[in-house]
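In what follows, a structure is listed as structure tokens, so that the remarks can point back to it.
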Amino acid sequence: MSSDSYGNIDSDSHQVYISTKNYSELSKQPESIVSELAVWRALIANLGIAGIKLICWFFSRSSAMLSEAIHSAADSFNSLCLLVGLKRGSRPADKFHPFGYGLEANVWALFACLLMLIGTIVSLYSGGMRLIYGNEHIHELLKNYHLIAITLFVSIAFEIWAVTSASIAVVEEAEIEVKSKFDAFLKSFKHIHHIKSPTTKFVWYEDIAALTGVIVALIAITISKFFVNESIAYIPDAVASIIIGFMLFGLVIYLLRYNMNSLTGAAAKPQIEELIRTIASNVNGISQVHDLKTMDMGSSGLIVNMEIEVDPETQVKDADDIADKLEEKIKEKVKNIAHITIEVQADDTEENWGEKFESLIDEGKDTGVLKPQEAKMLSKFFDFTNTVVWEIMVPRTNIDFIDAEASVDELMDKIIISGHTRIPVYRESVDNIIGVINAKDVLAVLKNNDKDNVKLEDLARELIIVPENKSISDMLNEFTRSKAQIAAVVDEHGGVAGIVTVEDVLEEIVGEIWDEYDIPDTEIIKVDENTLIVSSKTEIYDLNERFNLDLPTEDFQTIGGYVFGLVGREPEVGDEVEANGIKMKVESMDGHKIVRVILYKEDGFTDVQEIEED
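All letters in the sequence shown, in the order written, are residues 53 to 666 by the numbering used here.
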């Protein structure tokens, strides 16, 4: 089953090609509208300012004013290039331009680079010549100071207007709340580096540079007029011209940097590709991403070509819907998308028996053949073969180790305080575990009053060492074969990552097993009708059952793992995500792990357990 913009559906190929809309659609989004509006404002402001500055330079012959006039003119031309490039580059793809016309934006940006480079040369030349020839025309400059000052103050007002517009575009794209325009200006400095759109970033840098240049020119001319002798009054003016020239050169470098990729065909940054893969993995119906290719076209945006896999029984329309949903989510997270091509491929090699098994369990539960606890246990049993030791182990930070050089009394104290009957023993470093001590062996030593003559190393029993990617079904077989109760888990570098016990493995089927030393942690706290505080270990299956929810259980078993996956990076306290009408906020962390999550549902949670008790 395949479809594209120029062909018919072929039901035999098991592939769906979706050619998405071009950058013009992105421009309909609020942040793009604000960004384009900022460009228009910059164009209008710079055209007016350039004309006034040029007239002022004609009367004063100030090098700084000439550089400022060139700066404003170059900014005007660049704004025009951006608008024309975006307009022509946003035309939709067709047969002759399957990836659209986005490269035209790069061409116009390079035109802007050329003019700004010429402006840079003129500014530096003007400043340099003023330094060489000294006082030539300095009288005209000082005589027309008030005219120059008024012009520059008006220019500052125009530039503040343009900078404010550019700052608002930045905070809008960064989705940051602001209290005022001044607040937007301050916060734009903090968030400009996180903006994806090169247009938004460049306009902001351009307007900030223009405002800085005007202020530099005003300061320089004021110094020449009031603070230095007329014989050296040309120096501040010349220095200001050179500074403005270098600022222009910086803008040239910035534009070139963001448009060179269009010539080299470079891929997007690794973190961008990883983000796209993470987004795809969190879309229901996608089993995996087979292939992902990207091309960073600078001002023209990012081209994405990817191949995803879905269930072979998926209908063509459903496959289209999955691709559309993926496209929407990618454009939501990655702002500078120019074009996406998604190939949807059916998995012919292996049917998704997991979903079918879960469907049978749900059917059995709905018809009353299975009790809820039985259904839960069967669901866990199916996942048993897919879970690895790393997912269930106790991490090394939570383990009570003991040094082989410690005394028997120290060992007894650790056993009593921790409540554990088996304590791993190490020599010099916890990565060098030599065995595990059983509390029964310690009791035998105490009974014989022989604790002063016994070394912990003599009490240590052999400890199984297993890799962290070992399946827990194989782990259970090894426990059965070796008659051991505990094993050390090592990572790919040979360091100790944690320990795993028979109890940990069995809990994956039957649920939490408590003993007299365990302190139960309340998994679900109902704050009010709309809010729950939930332990990260709470299983999604249990939440769905108790509160009639529909959170997906295909990829994650616990709510902590689900939130971690939605965040798409290492979470922090306060991180918020939303799915299936539920807002989820990370309430607390323990190192890299989520401890508790706050759930909020606008229409409230229906607690089935309370209804049954009533």
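Glycine included, every Cβ here is placed at the ideal spot set by N, Cα and C.
Inset, instruction - Starting from the C-beta of isoleucine 104, find all residues in its chain whose C-beta is less than 6 Å away, skip the five residues before and the five after it, and write them out in chain order. - result: Thr203
Legend entry - Assigned exposure category for leucine 498 - 16 Cβ within 10 Å defines buried: The residue in question, leucine 498, is exposed, as its Cβ has fewer than 16 Cβ neighbours within 10 Å.
Legend entry - For aspartate 51, the first and last residue of its enclosing alpha helix (DSSP H): Past the boundaries of the shown model lies residue 51; the chain is included only from 53 to 666, so the question cannot be answered.
Legend entry - Rounded separation between tyrosine 185 and valine 255 - CA only: 36 Å
Inset, instruction - Report yes if the C-beta distance between valine 440 and glutamate 520 is below 8 Å; otherwise report no. - result: Contact flag set, yes.
Legend entry - Distance CB(isoleucine 524)-CB(isoleucine 444) smaller than 8 Å: In this structure, isoleucine 444 lies closer than 8 Å to isoleucine 524 by Cβ.
Inset, instruction - Please decide whether glutamate 622 counts as near chain D, where near means a Cβ-Cβ distance under 8 Å. - result: Among the protein chains of the structure shown there is no chain D, as only one such chain exists.
Legend entry - First through last residue of the beta strand (DSSP E) which encompasses glutamate 41: Outside the displayed span of the chain (53 to 666) sits residue 41, for which this structure offers no information.
Inset, instruction - Assuming proline 623 and valine 638 form a contact by the criterion Cβ under 8 Å, report the distance between their Cβ atoms to the nearest whole angstrom. - result: 5 Å
Inset, instruction - Answer yes if the segment 650-658 comes into contact with the segment 617-634, meaning at least three C-beta pairs across the two stretches below 8 Å, and no otherwise. - result: yes
Legend entry - Extent of the continuous alpha helix (DSSP H) run through isoleucine 611: Element bounds for isoleucine 611: 611-619.
Inset, instruction - Would you check if the distance between the CB atom of glycine 617 and the CB atom of aspartate 602 is smaller than 8 Å? - result: In terms of Cβ geometry, glycine 617 and aspartate 602 do not form a close pair [threshold 8 Å].
Inset, instruction - Could you tell me the boundaries of the alpha helix (DSSP H) in which threonine 532 lies? - result: 524-534
Inset, instruction - For glycine 546, count neighbouring C-beta atoms within 10 Å of its own C-beta (all shown protein chains included) and say buried if the count is 16 or more, exposed if not. - result: exposed
Inset, instruction - Quick one: using the 10 Å Cβ neighbour count with 16 as the cut-off for buried, is tyrosine 75 buried or exposed? - result: With a pLDDT of only 31 at tyrosine 75, under 50, the local geometry of the prediction cannot be trusted, and the value read off the model is given with reservation. Classification of tyrosine 75: buried, given that the 10 Å Cβ count is 16 or more.
Legend entry - From Ile170, Asp580, Tyr286, residue whose alpha carbon lies closest to that of isoleucine 122: The option with the nearest alpha carbon to isoleucine 122 is Ile170.
Legend entry - Own chain partners of histidine 198 with C-beta closer than 6 Å, once the 5 adjacent residues on each side are dropped: none
Inset, instruction - Determine the contact status of alanine 116 and leucine 194, defining contact as a CB-CB distance below 8 Å. - result: no
Legend entry - Residue span of the alpha helix (DSSP H) that contains arginine 596, given as start and end: Contrary to the premise, residue 596 reads as asparagine rather than arginine in this sequence. Taken as a continuous stretch (DSSP letters only), the alpha helix (DSSP H) holding asparagine 596 covers 592-599.
Legend entry - Residue closest to asparagine 45, alpha-carbon to alpha-carbon, out of Thr532, Lys369, Asp372, Val341: The structure shown does not extend to residue 45, since the chain is modelled only from 53 to 666, so the question has no answer here.
Inset, instruction - Alpha carbon to alpha carbon, how far is valine 222 from serine 240? Give it in angstroms, no decimals. - result: 6 Å
Inset, instruction - In the DSSP assignment, find the unbroken alpha helix (DSSP H) run with histidine 198 in it and report its ends. - result: 197-225
Legend entry - Start and end residues, beta strand (DSSP E) containing glutamine 537: Taken as a continuous stretch (DSSP letters only), glutamine 537 belongs to no beta strand (DSSP E), as it is neither H nor E.
Legend entry - Contact under 8 Å by Cβ, lysine 277 with isoleucine 331: No, these two residues do not count as a Cβ contact at 8 Å.
Legend entry - Delimiting residues of the alpha helix (DSSP H) encompassing isoleucine 374: 368-385
Inset, instruction - Report the three-state DSSP secondary structure of glutamine 81 (helix, strand or coil). - result: Residue placement at glutamine 81 is flagged as unreliable, the pLDDT there being 40, under the threshold of 50; the coordinate-derived value follows with that caveat. Looking at glutamine 81 - three-state DSSP - the assignment turns out to be coil, as it is neither helix nor strand.
Legend entry - Three-state secondary structure assigned by DSSP to isoleucine 651: In the sequence as presented, isoleucine is not what sits at residue 651; that position holds leucine. In the structure shown, leucine 651 sits in a strand (DSSP, three-state: E or B).
Legend entry - Cβ neighbour criterion (16 or more within 10 Å) applied to histidine 658: Here the sequence assigns threonine to residue 658, which means histidine is not the residue at that position. Classification for threonine 658: exposed.
Inset, instruction - Taking 8 Å as the cut-off, decide whether the C-beta atoms of lysine 233 and isoleucine 244 are in contact. - result: no
Inset, instruction - Take the Cβ of glutamate 258 as the centre, count every other Cβ of all protein chains shown within 10 Å, and call the residue buried at 16 or more, exposed below. - result: It counts as buried.
Inset, instruction - Would you kindly report the start and end of the unbroken beta strand (DSSP E) that includes alanine 549? - result: It spans 548-553 - the beta strand (DSSP E) in which alanine 549 sits, taken as one unbroken run.
Inset, instruction - For the alpha helix (DSSP H) holding proline 322, just list the boundary residues, first then last. - result: 322-333
Inset, instruction - Could you check which residue in Ile247, Ser219, Ala226 has the C-alpha nearest to that of phenylalanine 237? - result: Ser219
Legend entry - valine 586 to methionine 464 span [Cα, whole Å]: 36 Å
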